[in-house]
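This report concerns only the one structure given below.
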Amino acid sequence: MNSKIIHQINKVVMGEILFDEPMKNHTTFGIGGPASCFVHPQDTNDLINLLKLAYEQNLPVFFIGSGSNILVSDDGFDGIVISLKKNFSNLEITKTGEISAESGVLLGHLVNQAINAGLKGMENLAGIPGTVGGAIKMNASAYGYEISREFISAEVISMSGERKSYSSKDISFSYRHSTFNENEIIISTKFKCKFGSQTRIKYQKQKVSEKRRASQPLGVRSAGSIFKNPPHSPAGYLIDKANFKGIKHGGAEISTKHANFIINNNNASSEDVIHLISKIQNVVSDNDNIKLELEIKLLGFSNDIMEKLKYV
Ligand SMILES: Cc1cc2nc3c(=O)[nH]c(=O)nc-3n(C[C@H](O)[C@H](O)[C@H](O)COP(=O)(O)OP(=O)(O)OC[C@H]3O[C@@H](n4cnc5c(N)ncnc54)[C@H](O)[C@@H]3O)c2cc1C
Numbered sequence: 003m004n005s006k007i008i009h010q011i012n013k014v015v016m017g018e019i020l021f022d023e024p025m026k027n028h029t030t031f032g033i034g035g036p037a038s039c040f041v042h043p044q045d046t047n048d049l050i051n052l053l054k055l056a057y058e059q060n061l062p063v064f065f066i067g068s069g070s071n072i073l074v075s076d077d078g079f080d081g082i083v084i085s086l087k088k089n090f091s092n093l094e095i096t097k098t099g100e101i102s103a104e105s106g107v108l109l110g111h112l113v114n115q116a117i118n119a120g121l122k123g124m125e126n127l128a129g130i131p132g133t134v135g136g137a138i139k140m141n142a143s144a145y146g147y148e149i150s151r152e153f154i155s156a157e158v159i160s161m162s163g164e165r166k167s168y169s170s171k172d173i174s175f176s177y178r179h180s181t182f183n184e185n186e187i188i189i190s191t192k193f194k195c196k197f198g199s200q201t202r203i204k205y206q207k208q209k210v211s212e213k214r215r216a217s218q219p220l221g222v223r224s225a226g227s228i229f230k231n232p233p234h235s236p237a238g239y240l241i242d243k244a245n246f247k248g249i250k251h252g253g254a255e256i257s258t259k260h261a262n263f264i265i266n267n268n269n270a271s272s273e274d275v276i277h278l279i280s281k282i283q284n285v286v287s288d289n290d291n292i293k294l295e296l297e298i299k300l301l302g303f304s305n306d307i308m309e310k311l312k313y314v
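Residue numbers (this note's numbering): 3 to 314.
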């Protein structure tokens with residue numbers, strides 16, 4: 003990033019700006035080289051000014067939440083990473099069961115506040131890391147419940163700084179996917195939940211938390227499930243069947259607890275993880291004739307690697 007651009011960013015942005023910021027500090031994988039510029043916009047106006055500048059100067063931009071579903075290259079990202087985690091954390095729940103959450107709100111906080119208000123549904127998402135922005139973009143789901151089920155509307159800002167609102171009829175959701183425009187940042191989302199018995203809701207939260215603890219490697223560095231489940235067999239089953247549990251490459255390891263998780267055990271490089279991903283894809287393709295599609299998002303990789311991983 004040249005000094006003229008750095009000067010312009012410093013002039014326009016009021017929030018925190020970090021130059022050459024290691025992305026490993028912003029991903030649950032703990033992997034990733036430097037982003038040329040990492041910004042926590044102070045408020046919506048600040049965000050609009052930053053987006054306009056990036057648009058005018060043709061600078062690549064990436065939106066990040068908690069980085070819990072992302073693998074960033076060791077080479078980093080030559081552009082601006084925008085995070086709403088620090089300053090967009092307002093959450094309101096009305097007496098009629100409407101939840102308004104800014105994108106930086108942690109999903110766990112939303113789940114707990116919904117439960118406290120006696121609202122049902124969100125408790126199924128207990129234990130999923132990340133922010134509300136990342137969760138609605140990814141249509142986070144667990145145990146048959148998708149966050150989009152209660153979606154009403156979202157506010158976004160386009161790259162040219164235009165503010166727009168989308169309702170549920172404008173956006174389609176499917177398994178770990180939404181049709182929000184890649185070039186628009188979601189700044190807040192509204193949900194409408196039904197009221198239920200708080201005892202039952204709390205019991206359900208406890209049940210899903212126990213299931214998660216029993217089946218997933220928690221308290222270690224990962225990005226959750228690496229691959230989407232193909233229609234007929236869970237990805238973890240196919241990887242386990244290929245005897246991949248516990249296989250290591252450099253500092254990365256295929257979890258012995260859940261074969262669809264890759265763990266950063268020991269300063270893994272993005273290359274270590276890519277090696278394991280590629281190996282899994284090849285063997286599952288040979289064994290089962292199934293192309294495992296990545297669930298995690300990639301940032302900062304060459305077109306060759308994206309092509310190799312069939313990342314679209
Ligand atoms: C241990 C573990 C368990 C997990 N379990 C589950 C699970 O059960 N179910 C599940 O669905 N996921 C699971 N995940 C994956 C992940 O937590 C979810 O996908 C989460 O919703 C991602 O939120 P985030 O804020 O971290 O998003 P990030 O990882 O930061 O970003 C994910 C995507 O959303 C985009 N994005 C983020 N914020 C915005 C925004 N404001 N506007 C526009 N785009 C945005 C990013 O550009 C990126 O494309 C798990 C992850 C881990 C580490």
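Glycine included, each C-beta is placed from N, C-alpha and C at the ideal position. Since this is a predicted model, take the numbers as computed values, not measurements.
Where residue i sits in the DSSP three-state scheme
| i | result |
| --- | --- |
| V285 | helix |
| K222 | The sequence given here places Val at residue 222; Lys does not occur at that position. V222 falls in the coil class under three-state DSSP. |
| N4 | coil |
| S272 | helix |
| A144 | strand |
| V41 | strand |
| G163 | coil |
| D80 | strand |
| L61 | coil |
| T181 | coil |
| S217 | helix |
| L93 | strand |
| I173 | coil |
| T201 | helix |
| G137 | Per the sequence shown, residue 137 should be read as Ala rather than Gly. Three-state DSSP puts A137 in a helix. |
| I298 | coil |
| L121 | strand |
Nearest-angstrom Cα separation, counted from residue j out to residue i
| i | j | result |
| --- | --- | --- |
| L55 | C39 | 13 Å |
| S160 | F246 | 42 Å |
| I282 | I72 | 18 Å |
| G99 | Y205 | 20 Å |
| I8 | S176 | 39 Å |
| K139 | I11 | 27 Å |
N- and C-terminal bounds of the alpha helix (DSSP H) containing residue i
| i | result |
| --- | --- |
| T30 | Unbroken run through T30: none, as it is neither H nor E. |
| A378 | Nothing about residue 378 can be reported from this structure: the residues present for the chain run from 3 to 314 only. |
| I2 | Past the boundaries of the shown model lies residue 2; the chain is included only from 3 to 314, so the question cannot be answered. |
Beta-carbon spacing of residue i, residue j below 9 Å
| i | j | result |
| --- | --- | --- |
| G17 | K88 | yes |
| I276 | I307 | yes |
| G238 | S227 | yes |
| G163 | N51 | yes |
Limits of the unbroken beta strand (DSSP E) element including residue i
| i | result |
| --- | --- |
| K194 | 186-194 |
| D22 | 18-24 |
| E309 | Here E309 belongs to no beta strand (DSSP E); instead the alpha helix (DSSP H) covers 305-310. |
| A128 | Where A128 is concerned, there is no enclosing beta strand (DSSP E), given that its DSSP letter is neither H nor E. |
| I264 | 264-266 |
| E152 | Neither: E152 is in no beta strand (DSSP E) and is coded neither H nor E. |
| K247 | Run containing K247: none; DSSP gives neither H nor E here. |
| I72 | 72-74 |
- Query: So, do the segment 64-83 and the segment 293-308 have three or more beta carbon pairs nearer to each other than 8 Å?
  - Reply: yes
Notebook entry, point to check: Okay, do the segment 143-154 and the segment 123-133 touch, 3+ Cβ pairs below 8 Å being the bar?
Noted result: yes
Report yes or no: do three or more beta-carbon pairs, one from the segment 169-185 and one from the segment 149-158, lie closer than 8 Å? yes
Quiz item: Does the segment 58-77 touch the segment 114-122, meaning 3 or more C-beta pairs lie closer than 8 Å?
Solution: no
Does the segment 37-52 come close enough to the segment 17-27 that 3 or more CB-CB pairs lie under 8 Å?
yes
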